[in-house]
Structures are given as C-alpha cells and as structure tokens.
Amino acid sequence: MELKFEGLTKKFGGFTAVNHIDFTMTNGVYGLLGVNGAGKTTLMRMLCTLLAPTGGAITYNGKDIFKMDGEYRKLLGYLPQEFGFYPEFTVQDYLLYIAAIKGIRPAVARKRTKELIAKVGLSKAADKKMKKLSGGMKRRAGVAQAMLNNPEILVLDEPTAGLDPNERIRFRNLISELSEERLVLLSTHIVSDIEYIANEIWLMKDGTFVRTGTSDEIIRSMPESVWQCYVDKGMVSEYMKQYKISNMKAESYGAELRIISAEKPSENARLAEASLEDVFLYYFGEKAGDESAAI
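Quick note: the sequence shown uses this note's numbering, first residue 14, plus one each step.
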C-alpha cells in the first residue's frame, strides 16, 4: 500500500495553507508536528477528501483519491479534532449508529462494535451515555468509530487534546497497537504524543515540511547546540530576550536555563543532549504553545 502527496497545494484566496508537499507513505505511524496554524488540519482534511486541493494530487496505489471517491473512503478512518455525537446515545448505540451510516451490515456491526469497545478499554462503559464520559473516554470512543470499517488508513487530528497525562499514555499505547497492519497519521502540537511511537515525523511550518525523518534523525539535523547554564536572577530576562530557552528551573538566587544556541551562551554553560522538544522550539520559536485556531 502506497499513499502519496504529489505537489499538494491548498490556497484560500491569497493565503497558501499547504504549499507544494511531496511525500510517500506506507504502513506505520506518521507524526505530523507543528503549532496551530501550520496547515496540519488542512492537510488532513484533504487526505480525508473533505477539501479538494488547489494543486497537485493525493494518490493511493497510483490512483487519485478524489477520483476513487467511495472506493477510497471505504479504506479510511478519521477522527477529527471535534467529532459529533448524540449525547443521549450509549457508547454501544453510538457505534452501531455510525456503523449504519458507514453501510456496515448489522451482524458485522454488532460484532465489530463489541470487539472495538473492548480494544479501546470501554467495556465497563458500553452502556454509559456519551455525555457522561470523560474527555479521554470520548476520544477512545472516537477512535473506535474511526476503526469500525477496519480501515487501511487511520487519520487522527489532535487526538490527545485536553487529555490528562495518564490518558495520553493510554492513547499512545492504543495507537501503537492499531498501527501494526495499517497506515496511521497523527497530527499534534504535543511533542511527547509522537516522540516514541512515530516511525516518521514531519515538522510542518507555514504549509510545508521543514524536516522529516525519525526522531533521532530530526534531533541530529538541528544546526544549533543545546546548552545548560546557571544564571543570576537579574540576568534571566536578558537571556530570555537573547536566546531560545527550552526550559527554565527557577531557584532562590537565579535559574538553570536550557538554551538553544550556535555559540556557547556563557562561560559556565555545558553542552547537553538535544531532545525533540528542543528541535520543536528551534523551528517554531515563540509560536510554540500558541492557542489560535488551526487552519
């Protein structure tokens, strides 16, 4: 199975949200990492045929996915940032309802629903109303609905948004399990969501990929070094103006800073091992953590 972006472009008037992307995917987990507004959601909506590209194409085994129409959508599972549900439906009723919309035969839908409820860890909540579920449980129900047709391609847009750390870990483990025989594309601005489970990571900025590769490859590609140093309290603000600070540990008389810089920032600075979070800050700078709406 091969899914391919060929010169993929999407413009909204004079604004280019996705800019001439070329990439080929096969089975595995692909992590799409970038701040809100980078073009991640636009890219995923085109992949799910919800938006038509302005230029270029997306092909599945050489066929244009928009020309494949329903044939392609049968292969696809999608969890958007916000997915709709009837609050009075139980988890089981909700999944059976979505299965009916997808045209899955009732007998198959009942069996698949039971299997998926168990797989996503919702067996005890199967008869609970959707409105009574926690945020994490709703996201798990969302993954289950995306998996009802046993898709070859699973697209997850900001799947861990609003989840607590335990739920995020559970979710990452679930995604790793589901990726064994399919292609999973996971979009996020939370580095830890993909650092350990993605076979390939894409750093997306201003509608294009600024870096692609494994986590280790992307870390090694960062042209600047990471330094740790202790700074007196009166100098902290000056260092924050001058350098990119990926972490600060405040103490009584100053702070220990983690600094990204091509040059040694102070005499007492020592080199540190770079992380994917450092790379994220290097490429996305002050925009990291921006909560503006995704484009």
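Every residue, glycine too, gets a C-beta built ideally from N, C-alpha and C.
Query: Rounded C-alpha distance that separates E264 from Y99; Result: 50 angstroms
Query: Residue nearest to R153 in terms of C-alpha spacing, selected from K145, L135 and G47; Result: L135
Query: Runs of alpha helix (DSSP H) wholly within the stretch 95 to 131 (minimum 4 residues, chain order); Result: 104 to 114
Query: Nearest residue (CA-CA) to R224, options Y256, L289 and S279; Result: L289
Query: Span separating the alpha-carbon of Y243 from that of S274; Result: 15 angstroms
Query: T227, DSSP secondary structure in three states; Result: coil
Query: Own chain partners of F102 with C-beta closer than 8 angstroms, once the 5 adjacent residues on each side are dropped; Result: Y110, K142 and M143
Query: C-beta atoms of N212 and Y73 nearer than 8 angstroms; Result: no
Query: Residue nearest to I182 in terms of C-alpha spacing, selected from T22, D77, I207 and N162; Result: I207
Query: Cβ neighbour criterion (16 or more within 10 Å) applied to K124; Result: exposed
Query: Counted within 10 angstroms of its Cβ, other Cβ atoms place G75 as buried (16 or more) or exposed; Result: exposed
Query: Nearest residue (CA-CA) to E194, options I166, F184, F297 and E171; Result: I166
Query: Spatially closest choice to D245 from V239, M253 and E286, by CA coordinates; Result: M253
Query: Per-residue burial, L63 [other beta carbons within 10 Å of its own, 16 or more giving buried]; Result: exposed
Query: L216 and Y107 closer than 8 angstroms at C-beta; Result: no
Query: Host beta strand (DSSP E) of G90 (start-end); Result: L89 to L92
Query: Reduced DSSP category for D317 - H, G, I as helix; E, B as strand; rest coil; Result: Residue 317 lies beyond the stretch modelled for the chain, which goes from 14 to 308, so this question has no answer here.
Query: Unbroken stretches of the beta strand (DSSP E), 3 residues or longer, contained in the stretch 213 to 300; Result: 213 to 218, 221 to 226, 238 to 245, 257 to 264, 267 to 274 and 283 to 285
Query: Length at least 4, wholly inside the stretch 40 to 79: the alpha helix (DSSP H) runs in chain order; Result: 53 to 60
Query: Coil, strand or helix - G26 by DSSP; Result: coil
Query: Per-residue burial, A159 [other beta carbons within 10 Å of its own, 16 or more giving buried]; Result: buried
Query: Touch test, the stretch 76 to 85 against the stretch 224 to 234, Cβ-Cβ under 8 angstroms, three pairs minimum; Result: no
Query: Chain-order list of residues whose beta-carbon lies under 6 angstroms from that of N260 (same chain, five-residue window excluded); Result: R271
Query: Proximity below 8 angstroms, CB of P164 to CB of G90; Result: yes
Query: Own chain residues within Cβ distance below 8 angstroms of K218, not counting five before or after; Result: G47, V48, A51, Y296 and F297
Query: Spatially closest choice to V197 from D291, L88, G20 and I231, by CA coordinates; Result: L88
Query: Cβ contact (3+ pairs, closer than 8 angstroms) linking the stretch 15 to 25 and the stretch 174 to 190; Result: no
Query: Unbroken alpha helix (DSSP H) run spanning L191, endpoints; Result: P178 to L191
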